[in-house]
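Q: Just passing along the structure, written as structure tokens.
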Amino acid sequence: MADGAPTGTRPRHVDVRPAPQPQRPSQHRQTRRGLQRLPALAIRRHARRPQRRTPLRPLPCGLVDSHSPRRTPPRQTVTRDPRPAPLSTGGDPASSRPHRPRRRIPSAARTFLPPRRTPRPRRNSVRLHGAQICRPRPRPRLALLHPRTLRDLLRRRLPRHRLCPRPRPELLRPRRRRIHAGKRTLTMPPALSNRWAVEALIQSHNHVYRTAYRTRHEDLDGVSVSYYKNRVPGIPFQLEFMAVEQDPVVVAGRVNSYPKKPGEAYILDVFHERPAEPELKLQYEGLGYEFIETTLLLGLSLPVKTPRGWTHVHKIASAEEIEFVNQGLAAGGERIPPQVWGDAQIVNFYAQLEHRAVGWAQLVTASEGVGCLNQLYTLPIYRQRGIGTRMLRRVHQEANHLGLRRMILLASEMGMGLFRRAGYVPLAYLSVFKPR
């Protein structure tokens, strides 16, 4: 074949430009606020599907030009009038502004961008059914959750120590111990939750009897014993045991081991948590005791409002007033011991009507911060007139003045309504037993 002769094939066009190299996807994205860093997942996604903002223009040679067109529109020149704009005379404020014509961007300079998506605001909280918005840390408490939400949380096996708070001790149900007596299994009553009230009552009771009648008191580790002999009028026994210990076997052992003289009678007072304790009665009956009655120990938080009403309730301030009160109370068989006059922890009050004493109240402050209403008595012919209510208000006034925090008392069946209307609540129960 001769040189320069045409051949049967079409000559090829040789492209001397270097082949395009694969470009590494950019880690930043141009936004209106500047460059924004892209996460690794977004970089891989953009590498698979390039964005439309960078159009690919084919060249005649078959290659692809990846040159990005100019995104910013050409600079627009607006001719402004150097003269100042006239002031508005009360018309439309928009009419006083200079007119700025808007020029349409040429199609060659336009860039077709995808619609900008507004990012959803990230919520730093979780919304639960029937509960307020709770932060993810700490975890929501079970007390605030709806039962359906609680069921879902427990099905996911979330750590329960992170979900529920520690229960408060006063909300826990007291555990009941079990003892074996022969073939029967007996359940022990729960421990006293208001033991402070029981101890304050015992301390106030012993202080009054020791001051008035010179009695003796001993503590047998959970069982208190008061030795009256025959000095207290109107009491047919010489010993009184008050048990705070809840184990009947332990209580009976300490009562039986206490030395007693022949012919001395005694009773046993047992404090317990619940009003009806049939198992407690069965246990003490099996130990040789007979049930007599159950009374209620009430308490009240101080201070309380004491409206001023009937003013014929006086505080005893002399021994002569004690004699005057005893003359009026003799009709009902009551008497204030003169020995209590002068004691700083015993305060006596009396109600006067028709120039005579018709009622008597006694406040004992032997326990720190706790006042005990030891006596509240009204003559039978003067009852149902509100005298007891007014004496109770006077006692509350004195307790507020002394800075006491609580009041306690042993309620009788007759005065139960009066004390409950005054705001007293049950704290413990007292069951009385006597030996058979």
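When we follow the numbering used here, the leftmost residue of the sequence shown carries the number 776, and every step to the right adds one. Where is the CB? At the ideal position from N, CA and C, for every residue including glycine.
#1: Give a yes or no on whether the C-beta atoms belonging to residue 1087 and residue 1137 are separated by under 7 angstroms.
#2: Between residue 1186 and residue 1077, is the Cβ-Cβ spacing less than 7 angstroms?
#3: Unbroken beta strand (DSSP E) runs of length 3 or more, entirely within the segment 983–1059: which are they?
#4: Between the alpha carbons of residue 1198 and residue 969, how many angstroms are there, rounded?
#5: Okay, do the segment 1159–1179 and the segment 1055–1073 touch, 3+ Cβ pairs below 8 angstroms being the bar?
#6: How is residue 971 classed by DSSP in three states: helix, strand or coil?
#7: By the DSSP assignment, the alpha helix (DSSP H) with residue 1070 in it spans what residues?
#8: Is the segment 1113–1123 touching the segment 979–989, taking contact as three or more C-beta pairs under 8 angstroms?
#9: Shortest alpha-carbon distance to residue 1168 belongs to which of 1073, 1083, 1205, 1030?
#10: Quick check on DSSP: helix, strand or coil for residue 1092?
#11: At what residues does the beta strand (DSSP E) containing residue 1226 begin and finish?
#12: Can you tell me the Cβ-Cβ gap for residue 1018 and residue 997, rounded? I've got them flagged as a contact below 8 angstroms.
#13: Taking 7 angstroms as the threshold (C-beta atoms), are residue 1092 and residue 979 in contact?
#14: Hey, would you say residue 1081 sits closer than 7 angstroms to residue 1172, going by beta carbons?
#15: For residue 1135 and residue 1054, I'd like the C-alpha separation in whole angstroms.
#16: By alpha-carbon positions, which one of 1200, 1123, 1012 ends up nearest to residue 1035?
#17: For residue 1040 and residue 1155, what's the separation of their Cα atoms in angstroms?
#18: Here's the rule: buried if 16 or more other CB atoms are within 10 angstroms of the residue's CB, otherwise exposed. What is residue 1166?
#19: Give me whichever residues DSSP pairs with residue 1106 in a beta bridge.
#20: Tell whether a beta-carbon distance below 7 angstroms holds between residue 1194 and residue 1073.
#21: First and last residue of the beta strand (DSSP E) that includes residue 744?
A: The structure says:
#1: no
#2: no
#3: 991–994, 998–1002, 1014–1018, 1041–1047
#4: 17 angstroms
#5: no
#6: helix
#7: It is not in any alpha helix (DSSP H) - residue 1070 instead sits in the beta strand (DSSP E) that spans 1064–1076.
#8: yes
#9: 1083
#10: DSSP places residue 1092 in coil when its eight states are reduced to three.
#11: Outside the shown range of the chain (776 to 1211) lies residue 1226, about which nothing can therefore be said.
#12: 7 angstroms
#13: Not in contact: residue 979 and residue 1092 (Cβ atoms no closer than 7 angstroms).
#14: Residue 1081 is a Cβ neighbour of residue 1172, given a cutoff of 7 angstroms.
#15: 39 angstroms
#16: Closest by alpha carbon: 1012.
#17: Rounded to the nearest angstrom, the gap between the Cα atoms of residue 1040 and residue 1155 is 31 angstroms.
#18: buried
#19: Its beta-bridge partners do not exist; DSSP assigns none.
#20: Yes, Cβ-Cβ distance for residue 1194 and residue 1073 is below 7 angstroms.
#21: With the chain covering only 776 through 1211, there is no way to say anything about residue 744.
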